[in-house]
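Enquirer: Just remember that my numbering sits 712 ahead of the position in the sequence shown, which is counted from 1. No residue lacks a Cβ here, since even glycine has one placed at the ideal position from N, Cα and C. Treat the numbers as computed from the prediction; the structure is a model and nothing was measured.
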Amino acid sequence: MKTEILHNPGGAKLEKAARIIREGGLVAFPTETVYGLGANALLADAAKKVYAVKGRPSDNPLIIHLCDPRDAEKYCFTSELYYSLAASFMPGPLTLILPKREIVPDQTTGGLDTVAVRVPAHPMARELIRRAGVPVAAPSANLSGRPSCTTFAHVLEDMNGRIDMILDGGDCEIGLESTILSIAGGKITLLRPGGITKEMLEAAGFSLSVDKAVTQKLSGSERPMAPGMKYRHYAPKADLILLDGTHGAVEAFMRAQLGKPDVALIAYPEYRSLAGRDNVVLLGSTDDPSGQGHVLFDLLRGFDSRPEIKQIYAKLPDSRDLGLAIYNRMLKAAGYHIQKV
Ligand code: TXA
Ligand code: MG
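1) Using the three-state DSSP reduction, which class does His-719 fall into: helix, strand or coil?
2) Could you spell out where the beta strand (DSSP E) holding Val-829 opens and where it closes?
3) Indicate, with yes or no, if the ligand MG has a heavy atom lying under 8 angstroms from the CB of Pro-769.
4) What first and last residue would you give for the beta strand (DSSP E) that runs through Phe-741?
5) I need the straight-line Cα distance from Leu-806 to Glu-934, nearest angstrom please.
6) In chain order, what residues of the same chain lie with their CB nearer than 7 angstroms to the CB of Tyr-763, ignoring the 5 residues before and after it?
7) Between the segment 797-817 and the segment 969-980, do at least 3 Cβ pairs fall closer than 8 angstroms?
8) Looking at the structure shown, is Ala-836 part of a helix, part of a strand, or coil, going by DSSP?
9) Give me the Cα-Cα distance between Pro-905 and Asp-870, rounded to the nearest whole angstrom.
10) Taking just the CA atoms, how far does Gly-971 sit from Pro-888?
11) Taking the beta strand (DSSP E) that Tyr-1048 falls in, what are its first and last residues?
12) How close, in whole Å, do the beta carbons of Met-877 and Glu-716 come, if the pair is a contact with beta carbons under 8 angstroms?
13) With burial defined as no fewer than 16 other Cβ atoms inside 10 Å of the residue's Cβ, what is the status of Glu-839: buried or exposed?
14) Skipping 5 residues on each side, what residues in its chain have a beta carbon closer than 6 angstroms to that of Gly-1035?
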């Protein structure tokens, strides 16, 4: 298939993309979190295409993207809690799970009787959804198992020749997928950490618990509340190990790895003894989790074009604030492999 590419389209230039989605085709588009692979959420066949193109298991449900939180009335059963969270955090990097109405096909929700709803803030995403006039189902635009796409180059790498159109909107601002909350029964559970942090929710007066799957490996029989959290994710082909220790101990451990051609180190600019050395990549300052989130997936993807790298070390991230989202993604990328130093 020939994939049409549009660079920085706006306004009426998005009309063709909107039509493709409305009529059952697939268009990758930027959001403030990661690029999405958009399809008409009301067409079972379009959802099926999304699973086929990504190589994604069909029991892993899609998020539907809307322009306005009130549009959710047409597709799900809302609640007071839905509207109070929406008033504080939508549009933005927040996804809420609601009971679905019949109009949303089972293929979109992976057979669940709930549907995930998000109202993105990115102007191109909003204009595309508005013009499409339908809810836009959009998983992250990566091939299943790879890190989500946070740049146009990533989308081209994974989706060129597989879908109808790619919209180039430059780099995604946040670089980590949205925060997902279950709000069933008026009780908030964090299913996936993202740009709206636990601390931000608490500061706005919401209390919540964190699903075990966010920070721990589940045993074979346990099921996470967000089905996607059970799949292997984000993992570079090389083996990633997270080092659990003080910054000093981690820096010393990493220093001892320098000069090994098959070892790469994910370090911070504060680790001065590693500055400028071969096979050292920088995640961003230790006190800047949003800068780290912005580059994390690009950095993990970068290792896959370097087959000589067999082993990667990184520090086990701090899990406060936005750090929890980075901690969760890196734990998964490492297959929960932690080494004390
Ligand atoms: O930031 C984002 O959320 C991006 C952009 C494109 O909006 N989308 C995204 O979609 O990350 P995806 O498909 O890669 O991840 C969706 C996650 C999966 O873990 C899935 O299991 C969960 O949302 N999910 C979707 N519907 C659900 C439901 N009804 N109940 C529980 N979890 C659900
Ligand atoms: Mg994904």
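Expert: A quick look at the data gives this:
1) Taken through DSSP and simplified to helix, strand or coil, His-719 comes out as strand.
2) DSSP places Val-829 inside the beta strand (DSSP E), whose first and last residues are 826-830.
3) Flag unset: Cβ of Pro-769 not near the ligand MG.
4) That run of the beta strand (DSSP E) goes 739-741.
5) Looking at the two C-alpha atoms, the distance is approximately 25 angstroms.
6) These residues qualify, in order along the chain: Ser-770.
7) Segment contact: the segment 797-817 against the segment 969-980, fewer than three CB-CB distances shorter than 8 angstroms; contact not assigned.
8) Looking at the sequence itself, residue 836 is Met, so the reference to Ala does not match. Of the three classes helix, strand and coil, the one that applies to Met-836 here is helix, per DSSP.
9) So the alpha carbons of these two residues sit roughly 24 angstroms apart.
10) The displayed chain sequence assigns Leu, not Pro, to residue 888. In this model, Leu-888 and Gly-971 are separated by some 32 angstroms (Cα to Cα).
11) In the DSSP annotation of this structure, Tyr-1048 is not part of any beta strand (DSSP E), being labelled neither H nor E.
12) That belief holds up - the Cβ atoms of Met-877 and Glu-716 are roughly 5 angstroms apart, short of 8 angstroms.
13) Glu-839 sits buried, since 16 or more C-beta atoms from the chains shown fall within 10 Å of its C-beta.
14) Closer than 6 angstroms at Cβ, skipping near neighbours: Pro-1001 and Pro-1029.
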